[in-house]
Amino acid sequence: MAQLNYDVLSKSGYNGFILRDAPEKVMQFGEGNFLRAFADYFIDVANEKAGYNAKAVLVQPIASGLTEIINRQEGLYTLYLRGSEKGQKADYKRVISACSRALNPYAPDGWNAVLALAKSPDLSVIISNTTEAGIVYDSSCKFDDVPPSSFPAKLTRVLHERYTAGLGGLVILSCELIDNNGKELLSCVNKYIDQWGLDDGFRDWVNGKNIFCSTLVDRIVPGRIRDKNELEALNQANGYEDELIDVGEIFGVWVIEGPAELEDMLPFKKAGLPVHVVPDVTPYKKRKVRILNGAHTGFVPGAYLAGFDIVRDCMHNDTIRGFMNKMLYDEIIPTLPLDKKDLTEFAEAVQDRFNNPFVNHELMSISLNSTSKWRARNMPSLLEYFDAKKSLPPCLTMSLAAYIAFYSSSIQELTDKGLVCRREKNSYTVSDDRSVLEFYFARKDYGAESLVHDVLCNKDFWGQDLTCITGLEQKVDEYLNLIRAKGAEEAFRSVLQS
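Counting with this note's numbering, you get residues 120 to 617 for the letters of the sequence shown.
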């Protein structure tokens, strides 16, 4: 079977949108599954729906990568967006033609090709996703390295090349999963300007003519299809072999912090895409952490104790799903600063995302480091609800009790891998910081009242003494006893009926 390229695609009978030639307006650091299912998909749709007429050149950020395969396929690949829409299974296929080529800066003349692209008058945007560890300042990087090892050092060289060519600034969209990613990237670039002794004119140009945008990205991208039979069946159905098949969930949101004129420069909104240019990304990050991540951490420990193993199955249970929705709509959304319609629509999408029939998202994987997760994702909602209403939110309070139950259920032993606990018919291993696991193991014989007291007043866990919140200790103690006596599902049901 012939490998995907433009000629092979034209003979396959594919009749979707394809753009073969367009100016290379985007330099993208990162050629992996996420950006190809996210940013490059958005560019592709903007080409079709808004006449963006842009191609992205993908720069391989580390020595090993996909450059050779991407170039063999002339930048083409097949993307499947899969999930649930209003409770119904959905599976969409699109051949992405937004990428022109890939460059490997570690190959002979590869770095020179990157610097040559920097001097292109067509270039207007740089996108990056070089993992959470990508935006770091490495003082060992030198101006003349071919290439410098860190991404910020590479970017500084690219910008310097453009500056010396007398060209205008760029829009830089940082997609790494760290807070204030754009600001952190600019900070690193300024450090290299200092370290390398670059002139003040360049510094002024970097800080005054370029727009470094912090962004929030939200799409789950499983990426590769690992089932060989399924992969072969897809290639047969498509009529070509595709070594770059990519898979993402249907839901996707990109929030870009920057000036309003970016909406004209980046015509995503015109194309009807869920890409939002806002003056401050912080409320949207809070929305994601409190609603999406908070939902996970809020129901997962209790759902696991109730006998569930994957997220999707929880959405088919009236009690677990009802508990999650009551927590979201009655307790979390009222504490958030965004428009209520926006928050409600985001929460409605959560249920479809969790019900994805193509993803077996294991509860145990979500449960990793639940102590710090509950503190970051759920505790702020509980505290703000209490401050506003002077009463305890029942579901969030129950979620705290369920977290404690999960970490203390018939503790067997503490091993190198974690704290071995037990639910009805099987043991499971709790993974968290060692100090957290040792804390619970040392209290494995405690009754509910003593355990709850010690957990809630542990400032290392929560940054404060939660026993100071009126009634919280007594209510968590009551809920923990209920979970231990009647099971987590019945305990969840009790707060639905209250």
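The C-beta atom is built at its ideal place from N, Cα and C for all residues, glycine as well.
**OP:** May I ask you to list the residues that DSSP assigns as paired with K208?
**Re:** In the sequence shown, residue 208 corresponds to position 89, counting from 1. In the DSSP output, where bridge partners are listed per residue, K208 has S203.
**OP:** Write down the C-beta distance between E592 and L575 rounded to the nearest angstrom, noting that I regard them as a contact closer than 8 Å.
**Re:** Walking along the sequence shown from the start, residue 592 turns up at place 473. Walking along the sequence shown from the start, residue 575 turns up at place 456. Right, their Cβ atoms sit about 5 Å apart.
Original post:
Between Y199 and V145, what straight-line distance do the alpha-carbon atoms span, to the nearest angstrom?
Top reply: Position 80 of the sequence shown holds residue 199. Position 26 of the sequence shown holds residue 145. If I take the Cα positions, the gap works out to 23 Å.
**OP:** Give the straight-line distance between the Cα atoms of L278 and H480, rounded to the nearest whole angstrom.
**Re:** By 1-based counting over the sequence shown, the position of residue 278 is 159. By 1-based counting over the sequence shown, the position of residue 480 is 361. So the alpha carbons of these two residues sit roughly 41 Å apart.
Original post:
Which of helix, strand or coil does DSSP assign to A221?
Top reply: Locating residue 221 in the sequence shown gives position 102, counting from the first residue. Here A221 sits in strand by DSSP.
**OP:** Could you give the DSSP three-state label for F465: helix, strand or coil?
**Re:** The count along the sequence shown starts at 1 and reaches residue 465 at position 346. In the three-state reduction of the DSSP assignment, F465 falls in the helix class.
Subject >> For C433, the nearest candidate out of N223, I344, V400 and Q470 (CA to CA) >> reply: Taking the sequence shown and counting its residues from 1, the one referred to as residue 433 is at position 314. Minimum Cα distance to C433 is reached at Q470.
**OP:** Assign T401 to one of three DSSP states: helix, strand, or coil.
**Re:** To locate residue 401, count along the sequence shown from 1; it is residue 282. Three-state result, T401: helix.
Original post:
Which residues bound the alpha helix (DSSP H) around S613?
Top reply: Along the sequence shown, one-based indexing puts residue 613 at 494. Counted as a single uninterrupted DSSP element, the alpha helix (DSSP H) harbouring S613 occupies residues A607 to L615.
Original post:
Ends of the alpha helix (DSSP H) at N357?
Top reply: The residue given as residue 357 occupies position 238 in the sequence shown. Element bounds for N357: K347 to N357.
Subject >> CB-CB length for A379 against V366, believed under 8 Å >> reply: Walking along the sequence shown from the start, residue 379 turns up at place 260. Walking along the sequence shown from the start, residue 366 turns up at place 247. Wrong, their Cβ atoms sit about 34 Å apart, outside the cutoff.
**OP:** Pick helix, strand or coil for I188, following the three-state DSSP scheme.
**Re:** Your numbering for residue 188 matches position 69 in the sequence shown. In the structure shown, the three-state DSSP call for I188 is helix.
Original post:
Just to check, is the beta-carbon of S489 closer than 7 Å to a non-hydrogen atom of the ligand GTP?
Top reply: By its list of ligands, the structure shown contains no ligand whatsoever, and the ligand GTP lies outside what it can speak to.
Original post:
Taking the C-alpha atoms as reference points, what is the distance between G151 and F262?
Top reply: Along the sequence shown, read from residue 1 onward, the residue named residue 151 stands at position 32. Along the sequence shown, read from residue 1 onward, the residue named residue 262 stands at position 143. In this structure, the CA atom of G151 is about 27 Å from the CA atom of F262.
**OP:** Report buried or exposed for L392, applying the criterion of at least 16 other Cβ atoms within 10 angstroms of its Cβ.
**Re:** For the purposes of this step, residue 392 is taken as residue 273 along the sequence shown, with counting starting at 1. By the 10 Å Cβ count, L392 comes out buried.
Subject >> Three-state secondary structure (DSSP) of D298 >> reply: Here residue 298 refers to the residue found at position 179 of the sequence shown. D298 carries a coil assignment under DSSP once its states are collapsed to helix, strand and coil.
Original post:
Is DSSP giving C576 helix, strand or coil here?
Top reply: Here the question's residue 576 lines up with position 457 in the sequence shown. DSSP places C576 in coil when its eight states are reduced to three.
**OP:** Would you be able to state if there are at least three C-beta pairs under 8 Å between the segment 481-498 and the segment 416-434?
**Re:** With the cut-off at 8 Å, the segment 416-434 and the segment 481-498 touch.
Subject >> Alpha-carbon to alpha-carbon, V340 and L502 >> reply: Here residue 502 is taken as the residue at index 383 of the sequence shown, counted from 1. Here residue 340 is taken as the residue at index 221 of the sequence shown, counted from 1. Their Cα atoms are separated by approximately 33 Å.
**OP:** Find out if the Cβ-Cβ distance for the pair L515, K594 is shorter than 8 Å.
**Re:** In the sequence shown, counting from the first residue as 1, residue 515 sits at position 396. In the sequence shown, counting from the first residue as 1, residue 594 sits at position 475. Their beta carbons are not under 8 Å apart, which means L515 does not touch K594 by this criterion.
Subject >> Residue environment, A567, which counts as buried when at least 16 other CB atoms sit within 10 Å >> reply: Along the sequence shown, read from residue 1 onward, the residue named residue 567 stands at position 448. By the 10 Å Cβ count, A567 comes out buried.
Subject >> For E295 and S247, believed in contact at Cβ under 8 Å, the rounded distance >> reply: Residue mapping note: residue 247 aligns to position 128 of the sequence shown, counting from 1. Residue mapping note: residue 295 aligns to position 176 of the sequence shown, counting from 1. Going by Cβ atoms, the distance from S247 to E295 rounds to 7 Å, so yes, they are a contact pair.
Original post:
Taking the alpha-carbon positions, what's the S183 to L222 distance?
Top reply: Translated into the one-based positions of the sequence shown, residue 183 becomes position 64. Translated into the one-based positions of the sequence shown, residue 222 becomes position 103. Straight-line Cα distance between these residues: approximately 12 Å.
Original post:
Does the beta-carbon of A475 have 16 or more other beta-carbons within 10 angstroms, so that it is buried, or is it exposed?
Top reply: Counting from 1 along the sequence shown, the entry for residue 475 is found at position 356. Here residue 475 turns out to be Asn, not Ala, going by the sequence shown. By the Cβ-count criterion, N475 is buried, with 16 or more other Cβ atoms from all chains shown falling within 10 Å of its own Cβ.
**OP:** Rounded to whole angstroms, what's the CA-CA distance from V408 to I485? Just pull it up for me.
**Re:** Position 289 of the sequence shown holds residue 408. Position 366 of the sequence shown holds residue 485. Taking the Cα positions, V408 is about 14 Å away from I485.
Subject >> Sheet register partners of I452 (DSSP bridge) >> reply: As a position in the sequence shown, residue 452 is number 333, starting the count at 1. For I452, which the question treats as bridged, DSSP gives no partner whatsoever.
Subject >> C-alpha distance - N190 paired with I245, whole-angstrom precision >> reply: As a working note, residue 190 is residue 71 in the sequence shown. As a working note, residue 245 is residue 126 in the sequence shown. Taken atom to atom, the span from the alpha-carbon of N190 to that of I245 is near 20 Å.
**OP:** Give the single residue among I530, S219, T283 and V176 whose Cα lies nearest to the Cα of F321.
**Re:** In the sequence shown, counting from the first residue as 1, residue 321 sits at position 202. Residue nearest to F321 within the set I530, S219, T283 and V176 is T283 (criterion: CA-CA distance).
Subject >> Per DSSP, the bridge partner or partners of H415 >> reply: In the sequence shown, the residue the question calls residue 415 occupies position 296. Its beta-bridge partners do not exist; DSSP assigns none.
Original post:
In or out: R139 buried (at least 16 other Cβ within 10 Å) or exposed?
Top reply: For the purposes of this step, residue 139 is taken as the residue at position 20 of the sequence shown. Here R139 is exposed: its Cβ has fewer than 16 other Cβ atoms, across all protein chains shown, within 10 Å.
Subject >> Nearest candidate by alpha-carbon position, reference L286, set Y225, V555, E382 and A237 >> reply: Here the question's residue 286 lines up with position 167 in the sequence shown. Nearest to L286 by C-alpha distance, out of Y225, V555, E382 and A237, is A237.
Subject >> Alpha carbon of L317 to alpha carbon of N172, nearest angstrom >> reply: Against the sequence shown, residue 317 aligns to sequence position 198. Against the sequence shown, residue 172 aligns to sequence position 53. Distance between the alpha carbons of L317 and N172 is about 35 Å.
Subject >> Rounded straight-line distance, which links the Cα of D579 to that of Y547 >> reply: One-based indexing of the sequence shown puts residue 547 at position 428. One-based indexing of the sequence shown puts residue 579 at position 460. For Y547 and D579, the distance between alpha carbons rounds to 25 Å.
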